[in-house]
Amino acid sequence: MTGSNRVSDKGISPALVADAQKRLASVISSTPVLRDTPLDGLFGCHLFIQCENRQATGAFKYRGASNAILGLLQAGTLKAGTTTGVCTHSSGNHGKALARAARLNGVSAEVVAPENSVATKLAAMRAEEAVVHLCAPTQAAREAGVATLIAKGLIPIPPYDHPLVIAGQGTWALEILEQFDQLDILLIPVGGGGLAAGTILACNLFMQRTGRAPVVIGAEPEQADDCWRSLQLGQRVQDHQPDTIADGLRAMIGKLTFPIIQAGIADVLRVSEASIEAAIKLAGDYLEEVIEPSSATVLAALLEYPEVFSGHRVGLILTGGNVAYE
């Protein structure tokens, strides 16, 4: 299988992923890849499972957030130790990642978070010294909150719709492909699309380097399926009322990410809430990994669509493990 070499017209090129990989070399953890697990026999394919749930801050989001902070510092847009900080909107993982990356580099951070965010994720952002502003659980409220912070002089670093964030997220794919260069498929969750877009760009870069790359398949909750609907329509849908336990995938597909996804993704598979819940248990029972619902969508796709993956070498990412223990 080979992936598309097309990219978006927004100036976000595969070269940005290579730059991000160099920038992050001493910053992020190289997370383990699980192989030859019992899931191979269960699904009839060969799985290569990258555990970004073991990444710093407990999620892959640290890649994009760190790349953005470091890139803006290198460009002189940000200056450590000044009153100019950064802002974003997030249900938790990006906010936590951005807050830590900012704190470690002498930059302040403020986060607009939906009021229905998981309490432990809000606490984690505050523990990283972020100022958290709660808002209604809508995309419009998130964006309005960020607009207020921008008006105060803060520099926005969105959770997915930013070239440096997209490029940083794509580094996971380069990491796994450089270890296992014969993968047929990369399987990723889709929310705002930063991970999907970054993965596609990384595959394009790998194609340029080696002449071969896997196709990219996304997994998205049925009850937050705006990417799937946007692909069917041929443009970004405007109606988005997510109602899924996968809180990290409730954001609307991005303006920058969607063209890259539209040009380069092989398919987006919708998964049910029941399958997501079953996949969380599957990860614990078969992999001994703690994952959050958003992360579980990829395993849910394997449960619901085994015929898509049968016989293939599939690289997939466990995106996060920030769960609330009750």
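Numbering (our numbering), first residue to last: 11 to 336.
Cβ atoms here follow ideal geometry from the backbone N, Cα and C, with glycine treated the same way.
Handout entry: Cβ-Cβ separation, ALA206 to THR148 (assumed contact under 8 Å), whole Å
Key = Taking a contact as a CB-CB distance under 8 Å, the pair THR148 and ALA206 does not count as one, their CB atoms being some 22 Å apart.
Practice task
Give me whichever residues DSSP pairs with PHE58 in a beta bridge.
Solution key: GLY325
Practice task
For the alpha helix (DSSP H) holding THR209, just list the boundary residues, first then last.
Solution key: 204-220
Exercise for the section: Kindly identify the DSSP beta-bridge partner or partners of LEU279. Expected result: Under DSSP, the beta-bridge partners assigned to LEU279 are ALA229.
Exercise for the section: Jot down the residue ranges of each uninterrupted beta strand (DSSP E) in the stretch 49-127, minimum 3 residues, whole runs only, in chain order. Expected result: Complete beta strand (DSSP E) runs here, min 3: 56-61, 96-99, 119-124.
Exercise for the section: For chain D, find out if any of its Cβ atoms is closer than 7 Å to the Cβ of LEU34; answer yes or no. Expected result: No chain D appears in this structure, which consists of one protein chain only.
Handout entry: At least 3 beta-carbon pairs within less than 8 Å: the stretch 200-218 vs the stretch 52-61
Key = no
Practice task
Using the Cα positions of LEU49 and LEU193, report the straight-line distance between them to the nearest angstrom.
Solution key: Approximately 17 Å, taken between the alpha carbons.
Practice task
Spell out the partners DSSP gives HIS172 in its beta bridges.
Solution key: Paired residues: none, contrary to the question.
Handout entry: Stretch-stretch touch, CB-based, cutoff 8 Å, three pairs: the stretch 21-38 with the stretch 74-86
Key = yes
Exercise for the section: To the nearest angstrom, report how far apart ALA334 and ILE301 are at their CA atoms. Expected result: 11 Å
Problem - Local conformation of PRO316 per DSSP, three classes - result: In the structure shown, PRO316 sits in a helix (DSSP, three-state: H, G or I).
Exercise for the section: Determine which residues share a DSSP beta bridge with HIS143 and list them. Expected result: Note: HIS143 is bridge-paired with VAL122 in the DSSP secondary-structure output.
Handout entry: Local conformation of GLY331 per DSSP, three classes
Key = In the structure shown, GLY331 sits in coil (DSSP, three-state: anything other than H, G, I, E or B).
Handout entry: Range of the contiguous beta strand (DSSP E) that encloses LEU26
Key = Counting along the chain, LEU26 falls outside any beta strand (DSSP E), though it belongs to the alpha helix (DSSP H) covering 25-33.
Exercise for the section: Would you kindly work out how many angstroms separate the C-alpha atoms of TYR296 and ILE290, rounded to a whole number? Expected result: 10 Å
Practice task
Sort GLY21, THR307, PRO224 by Cα distance to THR209 and report the nearest one.
Solution key: PRO224
Handout entry: Short Cβ contact (7 Å threshold) for ASN103 with LEU34
Key = no
Practice task
Would you list the one or two residues that DSSP bridges to ILE165?
Solution key: VAL96
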